[in-house]
Amino acid sequence: MKTNRIALLLLAIFVFSGVAVYFKSCQEKSTSESIPEEEITLNPAPDFNADSAYAFVEKQVAFGPRVNNTKAHDECAAWLVAKLKQFGCEVTTQNFVATTFDGKKLNSQNIIGSINPTATKRVLLTAHWDARSIADKDSINKNKAIDGANDGGSGVGILLELARNIQQAKTKPNVGIDIIFFDTEDVGEPEDYKGEHGQNSWCLGSQYWASHKHKDNYTAYYGINLDMVGAKGAVFPHEGTSMQYAPMVVRNVWDIASRLGYSTLFIDADGGGLVDDHVPVNDVAKIQMIDIIELRPNDPKTFGAYHHTHQDNMSVIDKNTLKAVGQTVLTVLYQE
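Right, dumping it as C-alpha cells:
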C-alpha cells in the first residue's frame, strides 16, 4: 500500500477532546462513569502464537513475489485456500480480471474463509495477499517485484494463525468471522508517475468484493483490515480514514491493546488518512471497517523505510509485532 491521498484535515473534524472511551460490543461508555470492576474485565482469549504467524509469512515469501499472472501467485493462492480449509473454514473464491491504471489485465482472486458460517452476527477481518510488482521507492532494481513480507505477507500470516488458533480453542468466539484475503491491492501508480494519481488505482480486489459480495446481502458488525503489521519498531496510530468511518471501533481496539500491554505499538495519536482496502468496504459495502497499519506520524515518508523497496523481506519481520497485533485482534473477537 499505497498513497496518503485523503486530506489530513479529515482528522481535524474528528479530533477528540481527550475523553477516554471504553467500548464494548460497539456501545460507547465514558470512563467518567462508574463502571463495575467485573464489567471492564476482558474475557480471556487463547494465546496467539507468533512463531506460527511468522512461519506463515515466511511460507508466502518462499513462493516468490505474489504478483498477478505469475506461477508464484497461483501457487500461493492454492496454498492459502488449502490452509483455510485445513483450519476448518468454509472457503469461497472470487476469480476476476482487474484492469490497472495503465491498462494491464491481471488475473485476480479474492479468497474468503468463514468461521462459524451460520452465525448471524459477524466480524470481517481482511488483509491483502499480493505483492508489489515493482520496487519504485528503491534505488536499484526498481522494475523488479518485491517480496512483500510486511506489505501483504504479515497481515495474511496473522489471520491464518487466528484461524488455526480458533479452530484449536476449546472456547470459540461468540460471533461468526469472515477472513478475506484481497488480491490486486498494491498495483497503483509508481512513485515517479507523471500522470494523475487516482485513488481507485489501488485496492482493486476490495473494490471488486465490495460490489460483488461473496454472499447476497452480506453484512458484518464491523471490520478490521491488517496492512504492514509485522515490522520491527512498528507503531500504529489511529489511521485517519478509520477515525472518519468508525471511531468507536478504533477506540475499542486501541483500548484493548493498551490493556494487554501494547500501548507502545498501538499509540494514542492520530495518523494520516489513507487509501487502503477499508475504503471500499466502508464506502461501497457500507460496513464500518478500520485499518491497523504502520504509520510514522512524524516522518514525511509516512511508512517504514522498507516500503515498496527490496528491503521488504523477512529481515524486517518481528515476532513481537506479530504477537501484539495478533493477540489484540484475537482478544477483540473474544469480547463479542
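Following this note's numbering, the numbering of the sequence shown begins with 469 at its first residue and continues without gaps. C-beta: ideal position from N, C-alpha, C; glycine also.
Item to check | P658 beta carbon less than 8 Å from that of A599 | outcome: Position 131 of the sequence shown, counted from the start, is the residue given in the question as residue 599. Position 190 of the sequence shown, counted from the start, is the residue given in the question as residue 658. In this structure, A599 lies away from P658, with their beta-carbon atoms at least 8 Å apart.
Checklist entry - Taking the C-alpha atoms as reference points, what is the distance between I614 and C671? => result As a working mapping, residue 614 is identified with position 146 in the sequence shown. As a working mapping, residue 671 is identified with position 203 in the sequence shown. If you draw a straight line from the Cα of I614 to the Cα of C671, it is about 17 Å long.
Item to check | M711, enclosing alpha helix (DSSP H) - first and last residue | outcome: Here residue 711 refers to the residue found at position 243 when the sequence shown is read from its first residue. Where M711 is concerned, the enclosing alpha helix (DSSP H) stretches over G708 to Y713.
Item to check | Alpha-carbon spacing of S726 relative to G794, whole angstroms | outcome: Residue mapping note: residue 726 aligns to position 258 of the sequence shown, counting from 1. Residue mapping note: residue 794 aligns to position 326 of the sequence shown, counting from 1. Cα to Cα, S726 sits roughly 14 Å from G794.
Next on the checklist: Below 8 Å, how does it come out for the stretch 553 to 566 and the stretch 692 to 712: are there three or more Cβ pairs, yes or no?
Outcome noted: no
Next on the checklist: If the criterion is Cβ atoms closer than 8 Å, does the pair F569 and S669 meet it?
Outcome noted: The sequence position of residue 569 within the sequence shown is 101, counting from 1. The sequence position of residue 669 within the sequence shown is 201, counting from 1. Result yes, Cβ atoms of F569 and S669 sit closer than 8 Å.
Item to check | Buried or exposed (CB count within 10 angstroms, at least 16 for buried), I608 | outcome: Translated into the one-based positions of the sequence shown, residue 608 becomes position 140. Counting the other Cβ atoms within 10 Å of the Cβ of I608 gives fewer than 16, which makes it exposed.
Item to check | Those runs of the beta strand (DSSP E) which lie wholly inside the stretch 641 to 680 and span at least 3 residues | outcome: Those beta strand (DSSP E) runs which fall completely within the stretch 641 to 680 and span 3+ residues are 644 to 650.
Checklist entry - According to DSSP, which residues form a beta bridge with S582? => result Mapped onto the sequence shown, residue 582 falls at position 114. Answer by DSSP bridge pairing, in chain order: E558 and D646.
Checklist entry - Which class does L790 belong to by DSSP, given the choice of helix, strand or coil? => result Within the sequence shown, residue 790 is the residue found at index 322, counting from 1. Three-state DSSP puts L790 in a helix.
Checklist entry - The alpha helix (DSSP H) spanning V747 covers which residue range? => result Residue mapping note: residue 747 aligns to position 279 of the sequence shown, counting from 1. H746 to D751 is the extent of the alpha helix (DSSP H) around V747.
Next on the checklist: If you measure between the beta carbons of I758 and A699, is that distance less than 8 Å?
Outcome noted: Counting from 1 along the sequence shown, the entry for residue 758 is found at position 290. Counting from 1 along the sequence shown, the entry for residue 699 is found at position 231. It is not a contact, given that the beta carbons lie outside the stated cut-off.
Checklist entry - Can you tell which of G616, I648 and V752 has its C-alpha closest to the C-alpha of M782? => result In the sequence shown, counting from the first residue as 1, residue 782 sits at position 314. With distances taken between Cα atoms, M782 lies closest to G616.
Checklist entry - Taking DSSP as the reference, what is the three-state secondary structure of I626? => result Counting from 1 along the sequence shown, the entry for residue 626 is found at position 158. Reduced to three states, the DSSP call for I626 is helix.
Item to check | Neighbourhood of H746 by C-beta distance below 6 Å, restricted to the same chain and skipping five residues each side | outcome: Along the sequence shown, one-based indexing puts residue 746 at 278. Answer for H746: N693, M757 and D759, listed in chain order.
Next on the checklist: Can you find the residues in the same chain that come closer than 6 Å, C-beta to C-beta, to L801, ignoring five residues on each side of it along the sequence?
Outcome noted: For the purposes of this step, residue 801 is taken as the residue at position 333 of the sequence shown. Taken in chain order, the residues that qualify are P641.
Checklist entry - Would DSSP call H596 helix, strand or coil? => result Position 128 of the sequence shown, counted from the start, is the residue given in the question as residue 596. Strand at H596.
Checklist entry - By a C-beta neighbour count over all protein chains shown, 10 Å radius and 16 as the cutoff for buried, is G796 buried or exposed? => result Taking the first residue of the sequence shown as position 1, residue 796 is located at position 328. It is Thr, not Gly, that sits at residue 796 in the sequence shown. It counts as buried.
Next on the checklist: Just to confirm my understanding: we take I735, look at its own chain, exclude 5 residues before and 5 after, and list those with CB closer than 6 Å. What are they?
Outcome noted: Within the sequence shown, residue 735 is the residue found at index 267, counting from 1. Only V703 and P705 meet the Cβ criterion.
Item to check | Residues bridged to L694 (per DSSP) | outcome: On the sequence shown, residue 694 is found 226 positions in, with the first residue counted as 1. I760.
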